[in-house]
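One structure is given here, and the rest of the page talks about it.
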Amino acid sequence: MINKKEFTEILEFLEEHIAQIDMVPADDVLQNLWQTRLANDESALRENEFPLNAAVCLVIEVISDREKKILPTIQAEQLVLRYLDQQSIHPDWQQIGILPENGDIYVHLSCRIALEKMAKLVTDVVSLASWDNKECPVCGDSPAFACLEKGQGKRLLVCGACLTQWRYKRIGCAFCNEENPEKLKIVTAEEFPGWSATVCLTCKGYLKTADLRTLTSTPNWYKAVMETLPLDYALTLHEKST
Ligand SMILES: [Zn+2]
Ligand SMILES: [Zn+2]
90 MINKKEFTEI LEFLEEHIAQ IDMVPADDVL QNLWQTRLAN DESALRENEF
140 PLNAAVCLVI EVISDREKKI LPTIQAEQLV LRYLDQQSIH PDWQQIGILP
190 ENGDIYVHLS CRIALEKMAK LVTDVVSLAS WDNKECPVCG DSPAFACLEK
240 GQGKRLLVCG ACLTQWRYKR IGCAFCNEEN PEKLKIVTAE EFPGWSATVC
290 LTCKGYLKTA DLRTLTSTPN WYKAVMETLP LDYALTLHEK ST
């Protein structure tokens, strides 16, 4: 199983490699298309516009680096497509001779990092100012985190898939829109200063929130998924007891 140090190494390796992968910059046609979709309340990217080639390159690189195995492009592509479809592809990894838990992390991070780069191309050229939905304006996925901006503490949601950030109303569940304060509980934990979680009693959803007014720096969201896991366990217990 991959520990925290190895996870960071893999993350840094992939971040370094994505910088060397070219993605076509947005031309006017693409820019208009994205802007039009957003104006129609649709996410800028469709599922079939996922940056497959970049993700495949990363998977090949990271597996060569960590496992000393050279995957043919076609095989890496199949792995990525199957992963996108199923989220976990243990039999495939067993066949290749890679520990399934590790394999899932390689492909998971590769896909995330490729999509994050693509999302940056989008947010560089379109405005998200009028977007007020709870789904990601770029890829349509759900938020994984929220953060409160420095200064006025306005709330931003952070996409779980592409890490795009967008403004969202300060009060209200980001999953079911519940706005009744009695149904929304704020939970904090001493071990996580600067973090809180809004728990919704209506849909049982919860959203971890980083308060950038008190944290020294913006969290690395990939690492935050791992580092705030104890908070998730605490929240799951909390949920069971209510
Ligand atoms: Zn997204
Ligand atoms: Zn809710």
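For what it's worth, this note's numbering labels the leading residue of the sequence shown as 90, then goes sequentially.
Heads up, the beta-carbon is just placed ideally off N, CA and C, and yes, glycines get one too.
Ignore the nearest five residues each way along the sequence and tell me which others in residue i's own chain have a CB closer than 7 Å to its CB.
i: Pro308; result: Ala299
i: Ile275; result: Ser285, Thr287
i: Thr317; result: Phe281, Trp284, Lys297
i: Asn191; result: Ile91
i: Met315; result: Lys93, Phe96
i: Val151; result: Ile99, Phe102, Leu103, Tyr195, Ser199
i: Arg135; result: none
i: Glu156; result: Ile187
i: Pro189; result: His179, Trp182, Gln183
i: Pro114; result: Leu210
Quick one, which of the options has its alpha-carbon nearest residue i's?
i: Lys258; options: Arg244, Pro180, Glu190; result: Arg244
i: Ile91; options: Ile187, Cys225, Asp321; result: Ile187
i: Tyr195; options: Thr97, Tyr322, Glu316, Trp310; result: Thr97
i: Ala128; options: Pro282, Leu217, Leu273; result: Leu217
i: Leu324; options: Glu95, Thr277, Gln184; result: Thr277
i: His197; options: Lys93, Gly240, Ala144, Gln120; result: Ala144
i: Thr303; options: Val314, Thr253, Gln241; result: Gln241
i: Leu320; options: Leu246, Thr125, Glu279; result: Glu279
i: Asn121; options: Phe139, Gln183, Ala133; result: Ala133
i: Glu332; options: Ser199, Asp111, Ser306; result: This structure gives no information on residue 332, because the portion of the chain shown stretches from 90 to 331.
i: Ile110; options: Ser306, Ile99, Met207, Pro232; result: Met207
i: Asp174; options: Asp193, Asp130, Ile185; result: Asp193
i: Asp130; options: Ser219, Leu273, Phe234; result: Ser219
Excluding the 5 residues preceding and the 5 following residue i in the sequence, name in chain order all residues of the same chain whose CB lies nearer than 8 Å to its CB.
i: Ile149; result: Ile159, Leu160, Thr162, Ala165
i: Asp116; result: none
i: Met112; result: Pro140, Ala143, Lys206, Met207, Leu210
i: Cys265; result: Cys289, Thr291, Cys292, Gly294
i: Arg126; result: Ser132, Ala133
Are residue i and residue j close, meaning C-beta to C-beta below 7 Å?
i: Glu205; j: Leu301; result: no
i: Arg141; j: Leu103; result: In the sequence as displayed, the identity of residue 141 is Leu instead of Arg. Going by C-beta atoms, Leu141 is not nearer than 7 Å to Leu103.
i: Asp221; j: Cys248; result: no
i: Ala263; j: Lys223; result: yes
i: Val227; j: Cys251; result: yes
i: Thr253; j: Cys225; result: yes
i: Trp310; j: Val211; result: no
Quick one: measure Cβ to Cβ for residue i and residue j, integer angstroms, because I've assumed they're closer than 8 Å.
i: Leu168; j: Asp154; result: The pair is not a contact, with the Cβ atoms about 16 Å apart (cut-off 8 Å).
i: Ile107; j: Ile202; result: 5 Å
Kindly list the residues whose CB is nearer than 6 Å to the CB of residue i, restricted to its own chain and excluding five residues on each side of it in sequence; keep chain order.
i: Ile178; result: Arg171, Tyr172
i: Lys312; result: none
Can you check whether the C-beta of residue i is within less than 7 Å of a C-beta belonging to chain C?
i: Gln120; result: As a matter of chain content, chain C is missing from the structure shown, which is built from one protein chain.
Quick check: the segment 264-275 against the segment 291-301, are there 3 or more CB pairs under 8 Å? yes
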